[in-house]
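**Student:** Chains as they are written, first to last, in the numbering used here: chain A, 718 to 826; chain B, 653 to 765.
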């Protein structure tokens with residue numbers, strides 16, 4: 718099945734700094750999604766992005782499908798960005814979804 | 653998002669009890685997933701339904717975990733008998749089809765004493 722490696726596992730930033738989170742997949746992902754989870758909260762979809770680049774606000778997701786990797790860029794981080802970010806991918810159309818272990822982001826004021 | 657509804661939000665059980673967790677997917681969604689989330693293991697797939705048919709049952713979770721989808725708008729996850737190691741957050745998610753966005757519920761936090 719699909720293996721998903723996320724890096725870094727944790728990241729500490731000062732408010733205003735940029736963050737770059739990475740996901741690497743063992744196989745080409747036919748579907749790929751980035752999620753955010755606040756401590757104790759539900760997983761919220763940030764991007765559904767199996768290929769290309771998507772933007773929303775200060776967030777940018779870039780997926781290079783044939784290189785089996787995706788990144789999530791957070792610009793001008795804020796304390797409210799603190800939480801855990803997960804990427805999820807699937808190989809083919811019948812395989813189960815595979816999640817990364819998550820990247821814990823802490824943004825200090 | 654339109655929201656996946658999970659009940660209860662919290663459940664406390666004694667070891668050996670049977671508990672049933674419930675999930676209502678987003679209306680019109682055909683795919684439904686049950687996951688377990690722990691700090692150590694992360695997100696682990698328990699079950700995956702497509703149009704009410706069980707597609708994956710999570711392998712290692714077969715013996716005491718049983719998910720059912722009696723109709724397109726309701727699913728249950730039964731754990732029988734519960735063990736302390738089952739303490740975790742149980743998440744339900746749905747999508748319209750497999751290559752579209754996945755929506756999660758708030759989860760049920762299970763504590764087994």
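Ideal placement from N, C-alpha and C gives every residue a C-beta, glycine not left out.
From which residue to which residue does the beta strand (DSSP E) around residue 727 of chain B run?
**Tutor:** Along the second chain, one-based indexing puts residue 727 of chain B at 75. Per DSSP, residue 727 of chain B belongs to the beta strand (DSSP E) from 726-731.
**Student:** Pull up the distance between the alpha-carbon of residue 764 of chain A and that of residue 664 of chain B, whole angstroms please.
**Tutor:** If you number the first chain from 1, residue 764 of chain A lands on position 47. If you number the second chain from 1, residue 664 of chain B lands on position 12. Between residue 764 of chain A and residue 664 of chain B, the C-alpha separation is close to 34 Å.
**Student:** How do the region 732-740 of chain A and the region 784-796 of chain A stand: do at least 3 beta-carbon pairs fall below 8 Å, yes or no?
**Tutor:** Cβ pair count under 8 Å is three or more, so yes.
**Student:** Counting pairs of beta carbons, one from the region 737-755 of chain B and one from the region 676-695 of chain B, are three or more of them closer than 8 Å?
**Tutor:** Cβ pair count under 8 Å is three or more, so yes.
**Student:** Checking 8 Å against the spacing of the C-beta atoms, do residue 723 of chain A and residue 820 of chain A come in under that value?
**Tutor:** Working through the first chain from its first residue, we reach residue 723 of chain A at position 6. Working through the first chain from its first residue, we reach residue 820 of chain A at position 103. Contact: yes.
**Student:** Considering only their Cβ atoms, is the gap separating residue 673 of chain B from residue 760 of chain B smaller than 8 Å?
**Tutor:** What you label residue 760 of chain B is simply residue 108 of the second chain in a count that begins at 1. What you label residue 673 of chain B is simply residue 21 of the second chain in a count that begins at 1. Result yes, Cβ atoms of residue 760 of chain B and residue 673 of chain B sit closer than 8 Å.
**Student:** For residue 752 of chain B and chain A, any beta-carbon pair shorter than 8 Å?
**Tutor:** Along the second chain, read from residue 1 onward, the residue named residue 752 of chain B stands at position 100. Cβ-Cβ to chain A under 8 Å: yes for residue 752 of chain B.
**Student:** Looking at chain B, is there any beta carbon in it that lies within less than 8 Å of the beta carbon of residue 739 of chain A?
**Tutor:** Here residue 739 of chain A refers to the residue found at position 22 when the first chain is read from its first residue. Closer than 8 Å: no.
**Student:** Answer with buried or exposed for residue 671 of chain B, where buried requires no fewer than 16 other C-beta atoms within 10 angstroms of its C-beta.
**Tutor:** Counted from its first residue, the second chain places residue 671 of chain B at position 19. It is buried - the Cβ of residue 671 of chain B has at least 16 other Cβ atoms within 10 Å.
**Student:** Quick check on residue 726 of chain A: buried or exposed, where buried means 16 or more other Cβ atoms within 10 Å of its Cβ?
**Tutor:** One-based indexing of the first chain puts residue 726 of chain A at position 9. Residue 726 of chain A is exposed by the Cβ-count criterion.
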